[in-house]
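Trainee: Before we start, here is the structure in question, set down as structure tokens.
Residue numbers (full-length UniProt numbering): 1 to 395.
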């Protein structure tokens, strides 16, 4: 990642979908407060200064230095073990760009700072995630070789990496299904289905969907406790396409949001959308029936199943927060941001990955619009990195 690209200032107005950059003098004051090293008259933060002292993460005496160095490496683009003010300021700027989370994830995996991600770098970070320990991903799979080459020596650029994260997310779920399908018959148990969805696809789950995973799977498979691979794929495809589902509903009702729609009528409206299959429509009505048992759907049902709406509620809660000073207050925001973070970066064992539909910079924007005189860099660093700390755990 080139430093020049990170140092470009984002001059934008509140409410435009971008964050305003922090005041340089104020940012420098914060930096100097935590920088413990001095070299040739210039002050620097160590990895421990940044992660443990400034961010307040891994504060226990038995912390793992590998975890600290991994997180600090996102900011330490020179990879010399020290964070300069220029790097500190550059990362504050990075948090203000539209694709901030993709770029942050890229820098997490670009451990040597050469602007590319190698297979060894990807595998090293992946193996430090909790989910990979529970559901190891096959690092010698054909999927990996398609991206990194059959000898796994190909380097991936930032643009390619963003697509890789998206595709990896889907591949991880498929591989998890295969692992649970031990006899190779194309079926897993409803409980295994729930485990995969909660572990790998949690960013797609609203409370209503999460609470009904096993019931939906059993209903959809004719009361059996087994989930077929087609059902598994259709279930995930449906949740990924809820915005399209909303459009189909509104097309069927001519824009009326309170009109009940039958499955037959919905299927007729869906004919123009080849992306939606009859099995996905079946699952949609099964989920809605679990909510109210009417055999019909209204727009509010779709809202209850749509991840986007769930996270809009999160950003609305964030917008009510003016500033954060105490650890207790910060903990509440971290919990909310972590949910948004998991939504955006749902893959890679729950650590970093993406089906980024609503980047977390939107969440940050909502917070920034309501903050009065507080520093975006200080708070965003703390919250963004706390998410990484919760999801990346080194042995």
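Where a beta carbon is used, it is the ideal one built from N, C-alpha and C, also for glycine.
Going by CA-CA distance only, name the one from 170, 239, 182 and 143 that's closest to residue 204.
Mentor: 239
Trainee: How should residue 230 be labelled, buried or exposed, when 16 other C-beta atoms within 10 angstroms of its C-beta is the threshold for buried?
Mentor: When all chains shown are included, residue 230 counts as exposed.
Trainee: Compute the beta-carbon to beta-carbon distance between residue 32 and residue 47, rounded to the nearest angstrom, for a pair I have assumed lies under 8 Å.
Mentor: Not confirmed; about 17 Å, so no contact.
Trainee: I need the DSSP call for residue 290, collapsed to helix, strand or coil.
Mentor: helix
Trainee: Closest to residue 299 by C-alpha separation, out of 248, 55, 272 and 30, would be which residue?
Mentor: Answer by Cα proximity: 248.
Trainee: Going by DSSP in three states, residue 400 sits in which element: helix, strand or coil?
Mentor: With the chain represented from 1 up to 395, any question about residue 400 goes unanswered, as that position is not in the structure.
Trainee: Given a cut-off of 8 Å, decide if residue 246 and residue 302 are closer than it, judged by their beta-carbon atoms.
Mentor: In contact: residue 302 and residue 246 (Cβ atoms closer than 8 Å).
Trainee: Please name the residue or residues paired with residue 45 in a DSSP beta bridge.
Mentor: Under the DSSP definition of a beta bridge, residue 45 partners with 83.
Trainee: So the beta strand (DSSP E) residue 37 belongs to, where does it begin and stop?
Mentor: Counting along the chain, residue 37 sits inside the beta strand (DSSP E) bounded by residues 37 to 39.
Trainee: What residue range does the beta strand (DSSP E) around residue 189 cover?
Mentor: That run of the beta strand (DSSP E) goes 187 to 189.
Trainee: So what does DSSP say about residue 74, is it helix, strand or coil?
Mentor: coil
Trainee: Exposed or buried, residue 65, counting other C-beta atoms within 10 Å across all chains shown (16 or more means buried)?
Mentor: exposed
Trainee: What are the partner residues of residue 117, as DSSP defines its beta bridges?
Mentor: 156
Trainee: At which residues does the beta strand (DSSP E) containing residue 228 begin and terminate?
Mentor: 226 to 228
Trainee: For the alpha helix (DSSP H) containing residue 212, name the first residue and the last one.
Mentor: Element bounds for residue 212: n/a, residue is neither H nor E.
Trainee: With respect to the alpha helix (DSSP H) encompassing residue 269, which residues constitute its N-terminal and C-terminal limits?
Mentor: 263 to 270
Trainee: Classify residue 123 as helix, strand or coil using the three-state DSSP reduction.
Mentor: helix
Trainee: Indicate the three-state DSSP secondary structure (helix, strand or coil) for residue 276 in the structure shown.
Mentor: coil
Trainee: Let me know if residue 292 comes out buried or exposed under the rule of 16 or more other beta-carbons within 10 Å of its beta-carbon.
Mentor: exposed
Trainee: Verify whether the separation of the beta carbon atoms of residue 193 and residue 171 is less than 8 Å.
Mentor: no
Trainee: Starting from residue 242, follow the alpha helix (DSSP H) in both directions and report where the run begins and ends.
Mentor: 242 to 252
Trainee: Report back the beta-carbon spacing between residue 117 and residue 106 to the nearest angstrom; my notes put them in contact at under 8 Å.
Mentor: That pair is a contact at about 7 Å.
Trainee: Answer yes if the stretch 194 to 201 comes into contact with the stretch 143 to 159, meaning at least three C-beta pairs across the two stretches below 8 Å, and no otherwise.
Mentor: no
Trainee: With DSSP run on the structure shown, which of helix, strand or coil describes residue 331?
Mentor: For residue 331, the predicted model reports a pLDDT of 42, less than 50, meaning its position is unreliable and no value from the coordinates is stated.
Trainee: Give me the Cα-Cα distance between residue 50 and residue 130, rounded to the nearest whole angstrom.
Mentor: 23 Å
Trainee: Residues in its own chain within less than 8 Å of residue 151 by CB, not counting five upstream and five downstream?
Mentor: Same-chain partners within the cutoff: there are none.
Trainee: In angstroms, rounded to a whole number, what distance separates the CA positions of residue 120 and residue 56?
Mentor: It is roughly 29 Å from the alpha-carbon of residue 120 to the alpha-carbon of residue 56.
Trainee: Contact check, residue 307 vs residue 233 under 8 Å by CB: the rounded distance?
Mentor: So it is not a contact: roughly 17 Å between Cβ atoms.
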